[in-house]
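Numbered by our numbering, the letters in the sequence shown go through residues 8 to 199 in order.
Written below as structure tokens is the structure these notes are about.
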Amino acid sequence: MIIILLGPPGAGKGTQAVYIKNQFKIAHISTGDMLREAVKSKTELGLIVKDVMERGDLVSDDLLLKLIDERIKDDDCGNGFILDGYPRNQKQASSLDKILSQSNKNIDAIIQIDVDFSILEKRITGRADENKGEKRVDDNLEVLKNRLLEYVDQTEPLISYYSSHKNYIVINGMNDISKVSEDIKNNLNKLK
Ligand code: AMP
């Protein structure tokens, strides 16, 4: 099963992706986590992307394509995977279509986690505070606002790109975390 999770920063994609990974025994691919790990370990990739991430801008499509193309070939992706944070714009969506079709794979479902922007800012400010101990490189209010703008500008148009997919699922992300994960699970179970 191959699933794409769509939604703005703070919608709860990471949390829900972990539930889906455990319930459906598929790999969780978070490009944000992979890039943060690269920055932390000061790899060549990490050194290239550090400044871009700190500003809350998007990393180049070519770097992301290489990262994803390699990652989905890993053994743990054999049963499928959930993409959390990729694709982030039209070009990445087209690249993904291409690499999947090269290996005769299809996207089984797209899950859009829908959250009002008014409550996102509250959530992400909370996250910036919570993480005071070990701060994410990109967690401060100004950067988070920039990430929301990037989302509206680059990623939100993917909603119309994918909405004609036969399994385009919209989930109300303003409910409790457990209700959101229950709704996702029920929808995915119908596909099996
Ligand atoms: P995330 O944890 O998914 O919100 O990602 C954190 C940061 O990593 C983003 O603000 C971007 O700088 C970078 N990033 C993650 N995924 C992508 C992507 N698909 N394309 C470009 N940049 C990305």
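Ideal placement from N, C-alpha and C gives every residue a C-beta, glycine not left out.
From a predicted model like this one, the values you see are computed outputs, not experimental measurements.
- Remark: the shortest separation between the CB of D64 and any heavy atom of ligand 1 falls under 7 Å.
- Per DSSP, the beta bridge partners of S37 are D91.
- Setting aside the 5 residues that flank it on each side, K57 is surrounded in the same chain by V46, each with a C-beta closer than 6 Å to its C-beta; the list follows chain order.
- Contact annotation, V187 with G19: C-beta distance approximately 6 Å; criterion of less than 8 Å satisfied.
- R78 and N179 have their C-alpha atoms spaced approximately 30 Å apart.
- Here the distance from the Cβ of S37 to the nearest heavy atom of ligand 1 is below 7 Å.
- The secondary-structure analysis by DSSP pairs N179 across a beta bridge with D121.
- Secondary structure at A45: helix, using DSSP grouped into helix, strand and coil.
- By the Cβ rule, the stretch 87-101 counts as touching the stretch 62-75, because three or more pairs are nearer than 8 Å.
- Closer than 7 Å to some heavy atom of ligand 1: that does not describe the Cβ of Y169.
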